[in-house]
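Visitor:
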Amino acid sequence: MSFLDLAWKRRSVRSFKEDDIPMEIINELLEAARSAPSAGNYQPWHFYIIKDKALKEGLCTAAYQQNFMLSAPVHIVVCADLVKSAVRYGVRGTNLYAIQDTAAAIQNLLLCATEKGLGTCWCGAFDEQKVSKLLNLKSERPVAIIPIGYPRNLSAKMPRRSIEEISTFIGF
Ligand SMILES: Cc1cc2nc3c(=O)[nH]c(=O)nc-3n(C[C@H](O)[C@H](O)[C@H](O)COP(=O)(O)O)c2cc1C
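Each residue of the sequence shown is one higher than the one before, starting from 120 at the first, in the working numbering.
#1: If you run the structure through DSSP and keep just helix, strand and coil, what is Val206?
#2: From Pro266 to Ala222, what does the alpha carbon distance come to, in whole angstroms?
#3: Taking Cβ to Cβ, would you say Ala155 is nearer than 7 Å to Ala205?
#4: Name, in chain order, the residues that DSSP records as bridge partners for Thr239.
#5: Is the beta carbon of Pro261 closer than 7 Å to that of Asp220?
#6: With a Cβ-Cβ cutoff of 7 Å, do Phe135 and Gly236 count as a contact?
#7: Can Ala244 be considered in contact with ligand 1, in the sense that its beta carbon sits closer than 6 Å to one or more heavy atoms?
#8: Out of curiosity, what's the CA-to-CA distance linking Glu147 and Gly243?
#9: Is Trp241 a contact residue of ligand 1, with contact defined as CB to any heavy atom under 6 Å?
#10: Can you find at least 3 beta carbon pairs, one from the region 120 to 136 and one from the region 164 to 172, that sit closer than 8 Å?
#11: Would you be able to state if there are at least three C-beta pairs under 8 Å between the region 168 to 183 and the region 246 to 258?
#12: In terms of DSSP beta bridges, what is Cys198 paired with?
#13: For ligand 1, any of its heavy atoms closer than 6 Å to the Cβ of Ser131?
#14: Any heavy atom of ligand 1 inside 6 Å of the beta-carbon of Met188?
#15: Would you say Tyr216 reaches chain C, if we count a Cβ-Cβ gap shorter than 7 Å as a contact?
#16: Which word fits Glu283, buried or exposed, when buried means at least 16 other C-beta atoms lie within 10 angstroms of its C-beta?
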């Protein structure tokens, strides 16, 4: 599959089969995530890989009861380690780089999952305090909860704005 095909194939999946995800594949997802670029190569990310039913229920509640999350066999919570980025970059590290770095890792993970036939959904709507409490986070900020599993059904690709609308070419 070409990279463009992969990028267009990825879409949010909100309904999952019960089938478990082999550990080798979870490792590949993490390999993809950790290969992402980061400011100063500080890699200020941390991944919580969760199968525990009670914890997944807690995350679902923290995510304003997005109940589809419960059908996923695995949740990955991706966090930004704010201290790692602040040491060198101060406020810009905390407010911008740590989040950008983590987002790059998330996108790599989503694309790798797509390539493996897995479905994912980047969930950003959640109560941060509740998630932090559930995972006992100290200096880490939860950026995304990603339910992962084999898709039960694939929805159509959501439309995208055109290249003309989103681009300005200068000096061509
Ligand atoms: C930062 C961010 C937060 C998101 N939060 C949620 C969420 O809480 N729940 C959800 O179902 N989808 C969430 N999404 C998925 C978007 O709704 C989805 O990516 C968008 O509609 C485009 O559809 P596609 O992913 O199928 O291409 C989020 C996506 C991003 C990038």
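C-beta: ideal position from N, C-alpha, C; glycine also.
No experiment lies behind these values; they were computed from the predicted model shown.
Guide: Once the coordinates are examined:
#1: Translated into positions along the sequence shown, residue 206 becomes position 87. Here Val206 carries a helix assignment [DSSP, helix/strand/coil].
#2: Looking up residue 266 in the sequence shown gives position 147. Looking up residue 222 in the sequence shown gives position 103. Each residue's Cα considered, the two are about 16 Å apart.
#3: The residue you call residue 155 lines up with position 36 of the sequence shown. The residue you call residue 205 lines up with position 86 of the sequence shown. Not closer than 7 Å, so no.
#4: As a first step, residue 239 is located in the sequence shown; it is residue number 120 there, counting from the start. Bridge partners of Thr239: Ser131 and Ile267.
#5: Here residue 220 refers to the residue found at position 101 when the sequence shown is read from its first residue. Here residue 261 refers to the residue found at position 142 when the sequence shown is read from its first residue. No, the pair does not count as a contact, with Cβ atoms beyond the cut-off.
#6: Your numbering for residue 135 matches position 16 in the sequence shown. Your numbering for residue 236 matches position 117 in the sequence shown. For Phe135 and Gly236, no; Cβs fall outside 7 Å.
#7: Taking the first residue of the sequence shown as 1, we reach residue 244 at position 125. True, at least one ligand heavy atom lies under 6 Å from that Cβ.
#8: By 1-based counting over the sequence shown, the position of residue 147 is 28. By 1-based counting over the sequence shown, the position of residue 243 is 124. Taking the straight line from one Cα to the other gives about 23 Å.
#9: Within the sequence shown, residue 241 is the residue found at index 122, counting from 1. At least one heavy atom of ligand 1 is nearer than 6 Å to the Cβ of Trp241, so yes.
#10: They do not touch, by the three-pair rule.
#11: Verdict: yes, contact present.
#12: Reading the sequence shown from its first residue, position 79 is the one you call residue 198. DSSP output for Cys198 lists His165 and Pro261 as bridge partner(s).
#13: Taking the first residue of the sequence shown as position 1, residue 131 is located at position 12. Relative to ligand 1, the beta carbon of Ser131 is positioned inside 6 Å of a heavy atom.
#14: Counting from 1 along the sequence shown, the entry for residue 188 is found at position 69. In this structure, ligand 1 has no non-hydrogen atom nearer than 6 Å to the beta-carbon of Met188.
#15: Protein chains in the displayed structure number just one, and chain C is not present.
#16: In the sequence shown, the residue the question calls residue 283 occupies position 164. It counts as exposed.
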